[in-house]
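Inspection log for the structure reproduced underneath, given as structure tokens.
Number of protein chains: 4
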Amino acid sequence: MSTKVAPDPSRRSETARRAILAAAIDLVGEVGYTKLSIEGIAHAAGVGKQTIYRWWSSKGSLLFDAFLTLAGEGEAAALPDTGDLAADLKLVLRATVDELDDPRYDQAMRAMHVEIVNDPILAADYVLRLDRPMRELKKERLRAAQRAGQLAEDVELEVAIDMLFGPILNRWLQRTGPLTHEYVDQVVDTALRGLQPRP
Amino acid sequence: MSTKVAPDPSRRSETARRAILAAAIDLVGEVGYTKLSIEGIAHAAGVGKQTIYRWWSSKGSLLFDAFLTLAGEGEAAALPDTGDLAADLKLVLRATVDELDDPRYDQAMRAMHVEIVNDPILAADYVLRLDRPMRELKKERLRAAQRAGQLAEDVELEVAIDMLFGPILNRWLQRTGPLTHEYVDQVVDTALRGLQPRP
Amino acid sequence: MSTKVAPDPSRRSETARRAILAAAIDLVGEVGYTKLSIEGIAHAAGVGKQTIYRWWSSKGSLLFDAFLTLAGEGEAAALPDTGDLAADLKLVLRATVDELDDPRYDQAMRAMHVEIVNDPILAADYVLRLDRPMRELKKERLRAAQRAGQLAEDVELEVAIDMLFGPILNRWLQRTGPLTHEYVDQVVDTALRGLQPRP
Amino acid sequence: MSTKVAPDPSRRSETARRAILAAAIDLVGEVGYTKLSIEGIAHAAGVGKQTIYRWWSSKGSLLFDAFLTLAGEGEAAALPDTGDLAADLKLVLRATVDELDDPRYDQAMRAMHVEIVNDPILAADYVLRLDRPMRELKKERLRAAQRAGQLAEDVELEVAIDMLFGPILNRWLQRTGPLTHEYVDQVVDTALRGLQPRP
DNA sequence: TTCTAAACGAGACGGTACGTCGAGTCTTAGG
DNA sequence: CCTAAGACTCGACGTACCGTCTCGTTTAGAA
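Residue numbers (this note's numbering), protein chains in the order written: chain U, 1 to 199; chain Y, 1001 to 1199; chain C, 2001 to 2199; chain A, 3001 to 3199.
Dropping the structure here:
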């Protein structure tokens, strides 16, 4: 009655791990999500398929790790705070938009997105490890804005974040329009000012 | 030296077409996007695979048509206009959120979404045939609100729409939080009022 | 209770019939038996598939008819009789061997052969309509030889024919050796003289 | 830039190989050549299709191997030599005829035959691996007969073999007549004695 | 000569099998 | 015992033809 023995992480080959992650990012950037295969990644990484299956439970979790590697390396610990909320938000969102111009980043993020959309467990992992920490950073900046009187006290921060970042993410995913700096600025300005007429 | 002759639409079997679209929707609701296969759809529809390949160029475009069938049947010609913009928006967005509770609708929309994210051509088709008409309806309502003095004159309507609908779509796709009526109301209220403090 | 109505031969299109048989022969000569398809024949003949299915019950019987058309046109009514049996047999067999050099003839005959090998009913038809009449001609010549004292009285003519024509047919089918005039001559000479030493 | 890497025979599964060969023989015996499919063989053998395509280049070569397995197991190393050539030949040919009564053997041999007739490369392989060795055995027996004065010295052995075995093979393939022991005896007697009258 | 029923071309249909690709599992050799 | 390599079973891919079934459109015989 032999049960699947869990692999011993202490014996894991760091070389192989890095090669796999790098190959995944490279490949997804080259051929796109649809044509991405475990077999292809293993081959490109010079690695046996089993080595991938041993350490990742699904293509999604591999893609997720790969994306973390790609995104996490130059990650800011906090959002800029120059005292001008609008300017800071535009800065951050413009940088996001610029990143999505890099096909590697664009494709990797699309791939991860697809996996998340279809896998609730992976989505939970994503929320926990990537979305929540990022939101915390954003909230921090918004709270500072509240303290500085630039943001209404009674605004629900979660909603504020969704309203600032959601439109950009959607326009990128669905290609409903061009992702320009101008659009980013409009979103920030409109969100801050609100849709209602001001007296 | 002609390759692949285009099929004659006048000889198309309406029975088969309907069976395929229905089977696609049913199947994606049952097994989800990941396990969805052309073979499975053909079998469930009692149809030869070739009949699918003859009329649809990709799984994406089939899913797109299937979704149109599902969504288009009860389609409103215009957004409600009771004179109260906030109430009308909440009504529409709550209905959207409720629709996404139906696993069939939820799964079909996820499937279509995945295809669109990875296929720019399909995305263009989506924008043209589904997104743009819907936006036009929304813009119409917003213009009425402008005339009624409930919406600022200088607001860019595209941005307004993205700010109202984007957050809901994102929360649903990425499961970053529960899709409740309360959340919908918060989004509408916050978007209208704006993030800045009011004097 | 409508039963498949038999087609009326008097209304049959002779043009179509000829085009089909010609296309079958041409195609089998071009692409070989393996790649031969009813669809391809119909297309090459400029004919609907149904017209083939209406008049022939199987690919085999079509091929059989096609072969008859090809072979029957220059068919001799009787074997030559110069008084010299060996010479006459060699003449006939050399002509047979030469015919098999024409790829059209070779391929058509292979195709028909394959169908016959796997379809006893077709084989019976072949024996009745092609093999038996040909054998009768051959027997006639052999009987003449018996009368002329060139063939033993007690030889079973069926066996004699098999022994003269069988080796050539086999060598052609299985390519166990080159089909030369020299080989033909050896077969005739050996068959006539017998394998046993003569006193 | 290497295409299609050749598989490593040392890692080949003997179990799978045997199952495939056995399934091929069984299936061809059950359903006949026409209905025989790679898919069917794979299924019956409990094997993936790829495993067949990995090791055999065509249905023909698989059928050839299968036939070798079937035929090769009870293979005589040499033809009997009792000193009486006619009797020995009749013995061997009667045994051949009897084998063809077994539907498995009959169908398998028809299948292989069809493939050989339409594939020159396979035919060459057949000649090399099956026909030539068998002929060598037969020649050996005929040479012994020549030494014993039962066969003319100047007879071309290839021709002699074709004249003895060809008629039987043809009658079996084309079903031009019943394959009886009596017929076999007639062929042997007639071939030995020759068609010409004896003084 | 017109009428009309059939055969005709075209090709869509439900199917079966093709030969290929990749998923995920299992085995072998090597470090 | 992890690893690279790769053979294994399995399921789906997209294509080619099968034989059946409409569709209009000729076309030939009876009215």
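Every residue, glycine too, gets a C-beta built ideally from N, C-alpha and C.
Any 3 or more C-beta pairs closer than 8 Å across the region 1176-1196 of chain Y and the region 1089-1098 of chain Y
Between the region 1176-1196 of chain Y and the region 1089-1098 of chain Y, the count of Cβ pairs shorter than 8 Å is three or higher; the stretches touch.
Buried or exposed for M2001 of chain C, going by 16 or more other Cβ atoms inside 10 Å?
Interpretation of M2001 of chain C is limited by its pLDDT of 45, a score under 50 that renders its predicted location unreliable; the figure taken from the coordinates is listed afterwards. So M2001 of chain C ends up on the exposed side.
For V3005 of chain A, which option in A:V3159, A:P3133 and A:R3054 has the closest C-alpha, if you only look at C-alpha atoms?
Among A:V3159, A:P3133 and A:R3054, the Cα nearest to that of V3005 of chain A is on A:R3054.
Measure from the C-beta of E3182 of chain A to each C-beta in chain C and report whether the shortest distance is under 7 Å.
By this cut-off, E3182 of chain A is not an interface position.
Collapsed DSSP secondary structure at V2047 of chain C in the structure displayed:
In the displayed model, V2047 of chain C falls within coil according to three-state DSSP, outside both helix and strand.
What does P197 of chain U touch in chain Y if you count any residue whose Cβ is under 8 Å from its own?
Simply G1149, Q1150, L1151, A1152 and E1153.
Min CB distance G3166 of chain A to chain C below 7 Å:
At least one chain C Cβ lies under 7 Å of G3166 of chain A.
Where M3001 of chain A falls: helix, strand or coil (DSSP)
Here M3001 of chain A scores only 45 on pLDDT, less than 50, and its place in the model is too uncertain to base an answer on.
Check for me: the alpha helix (DSSP H) holding K3030 of chain A runs from which residue to which?
Checking the sequence shown, residue 3030 of chain A turns out to be Glu, not Lys. Counting along the chain, the alpha helix (DSSP H) containing E3030 of chain A begins and ends at E3014 to V3031.
Per-residue contacts from R1017 of chain Y into chain U (C-beta, under 8 Å):
Near R1017 of chain Y there are no residues of chain U at all, since even the closest Cβ is about 26 Å away, more than 8 Å.
Run of the alpha helix (DSSP H) containing R1171 of chain Y, from where it starts to where it stops:
Counting along the chain, the alpha helix (DSSP H) containing R1171 of chain Y begins and ends at L1157 to Q1174.
Using a Cβ-Cβ cutoff of 8 Å, what residues of the region 2022-2046 of chain C are near chain A? List them in chain order.
Answer in chain order: G2032, Y2033 and T2034.
Does the distance from the CB of A77 of chain U to the CB of I25 of chain U come in under 7 Å?
In this structure, A77 of chain U keeps its C-beta atom at 7 Å or more from the C-beta atom of I25 of chain U.
Taking 6 Å as the line, does the beta carbon of L3062 of chain A fall inside it for any heavy atom of the ligand GTP?
Ligands in the displayed structure: none, and consequently the ligand GTP is not present.
Any beta carbon from chain U within less than 7 Å of E1156 of chain Y's own beta carbon?
With 7 Å as the cut-off, E1156 of chain Y counts as an interface residue toward chain U.
Candidates U:P178, U:L157 and U:A23: closest to T69 of chain U by CA position
The shortest Cα separation from T69 of chain U among U:P178, U:L157 and U:A23 belongs to U:A23.
Any C-beta of chain C under 7 Å from that of T3190 of chain A
At least one chain C Cβ lies under 7 Å of T3190 of chain A.
Residue-chain proximity (G1194 of chain Y, chain U), Cβ-Cβ < 7 Å:
Output row for G1194 of chain Y: interface = yes.
Quick check: the Cα distance between L3164 of chain A and I3038 of chain A, rounded to an integer number of angstroms?
Cα-Cα distance, rounded: 36 Å.
Determine whether the beta carbon atoms of I2116 of chain C and K2138 of chain C lie at a separation below 7 Å.
No, these two residues do not count as a Cβ contact at 7 Å.
Assign G40 of chain U to one of three DSSP states: helix, strand, or coil.
In this structure, G40 of chain U counts as helix in the three-state DSSP scheme.
So, for W1056 of chain Y: in the same chain, excluding its five sequence neighbours on each side, which residues have a beta-carbon less than 6 Å away from its beta-carbon?
Cβ within range, chain order: L1062.
What residue range is occupied by the uninterrupted alpha helix (DSSP H) comprising T2034 of chain C?
Judged by DSSP secondary structure, T2034 of chain C falls outside any alpha helix (DSSP H); it is assigned neither H nor E.
Contacts of I3116 of chain A in chain C (Cβ-Cβ under 9 Å):
Residues of chain C whose Cβ lies closer than 9 Å to the Cβ of I3116 of chain A are, in chain order, L2173, Q2174 and R2175.
Relative to the C-alpha of D1106 of chain Y, which candidate in Y:P1080, Y:L1027, Y:E1182 and Y:L1192 has its C-alpha closest?
Considering only alpha carbons, the answer is Y:L1027.
Under DSSP, the alpha helix (DSSP H) around P3007 of chain A begins and ends at which residues?
The continuous stretches of alpha helix (DSSP H) do not include P3007 of chain A, and DSSP gives it neither H nor E.
Interface residues of the region 1124-1137 of chain Y facing chain U [CB-CB below 9 Å]
Taking 9 Å as the cut-off between beta carbons, the residues of the region 1124-1137 of chain Y near chain U are A1124, Y1126, V1127, D1131, R1132 and R1135, in sequence order.
Since R132 of chain U is in the alpha helix (DSSP H), which residue starts that stretch and which ends it?
Note, R132 of chain U: alpha helix (DSSP H), R132 to R147.
Could you check if T3 of chain U is buried or exposed, using at least 16 other CB atoms within 10 Å of its CB as the buried criterion?
Here T3 of chain U scores only 48 on pLDDT, less than 50, and its place in the model should not be relied on; the value that follows carries that caveat. T3 of chain U comes out exposed.
Should V2114 of chain C and V3114 of chain A be called a contact, given that it needs their Cβ atoms to be closer than 7 Å?
Yes, they are a contact pair.
Own chain residues within Cβ distance below 6 Å of H1181 of chain Y, not counting five before or after:
R1094.
Please state whether the Cβ-Cβ distance between R1104 of chain Y and G1029 of chain Y is less than 7 Å.
Yes; because the gap between Cβ atoms is below 7 Å, this pair is in contact.
Would you say A1160 of chain Y reaches chain U, if we count a Cβ-Cβ gap shorter than 7 Å as a contact?
A1160 of chain Y counts as touching chain U.
Cutoff 7 Å: Q2186 of chain C Cβ touching any chain A Cβ:
Yes, Q2186 of chain C lies at the interface with chain A (some Cβ there is under 7 Å from its Cβ).
From U:P7, U:L173 and U:E14, residue whose alpha carbon lies closest to that of A108 of chain U:
Comparing Cα positions, the closest option is U:L173.
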